[in-house]
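Numbering (this note's numbering), first residue to last: -19 to 121.
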């Protein structure tokens, strides 16, 4: 298993060390610690951080939304692991239903963001159309 130091994680993810530490402070990331108190990041931590960055950049998630996004992801992980262990079929069905609700929560969160982005985009398209009309009116090329 590869272990990374904070500098390595920051470089791999295109962040500053301060940002990585801040994400840890607000609960987005929870690396293991060495006996000396140094942060020890795994490949899993790096992948999780990359997903967080993608959600932040692609969907424009706020820090609060990122915390919810991470929380939902962790909930899904727990349910997924639980389904593998549980023998009882009824319990598995219940857990699968819980997973479905959790995924629906995450999709709803993303759909709300996308709807806002689409609205803003349409406002810019309208503005561009008005600029084109003004250019024609004032014979500007």
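Ideal Cβ positions, reconstructed from N, Cα and C, are used throughout, including at glycine.
Nearest-angstrom Cα distance between residue 81 and residue 1?
-> 32 Å
If you compare alpha carbons, which of 115, 57, 98, 50 is closest to residue 7?
-> Minimum Cα distance to residue 7 is reached at 50.
Measure how close the beta-carbons of residue 60 and residue 79 come, nearest whole angstrom, since I'm counting them as under 8 Å.
-> 7 Å
Compute the Euclidean distance between the alpha carbons of residue -1 and residue 16, then round it to the nearest angstrom.
-> 22 Å
Does the beta-carbon of residue 20 have 16 or more other beta-carbons within 10 angstroms, so that it is buried, or is it exposed?
-> exposed
Write down every uninterrupted run of the beta strand (DSSP E) in the stretch 17 to 75 whose length is 3 residues or greater and which is fully enclosed by it, in chain order.
-> 19 to 22
Closest to residue 9 by CA distance: which of 28, 18, 23, -4 is it?
-> Minimum Cα distance to residue 9 is reached at 28.
Can you give the beta carbon distance from residue 111 to residue 85, rounded, assuming they're within the 8 Å contact cut?
-> That belief does not hold up - the Cβ atoms of residue 111 and residue 85 are roughly 40 Å apart, past 8 Å.
Bridge partners - residue 12, DSSP secondary structure assignment = Residue 12 pairs with 20.
Where do the ends of the alpha helix (DSSP H) carrying residue -14 lie?
-> Run containing residue -14: -14 to -7, per the alpha helix (DSSP H) assignment.
Under the rule that 16 or more other beta-carbon atoms within 10 Å means buried, what is residue 25, buried or exposed?
-> buried
Between which two residues does the alpha helix (DSSP H) containing residue -1 stretch?
-> -3 to 5
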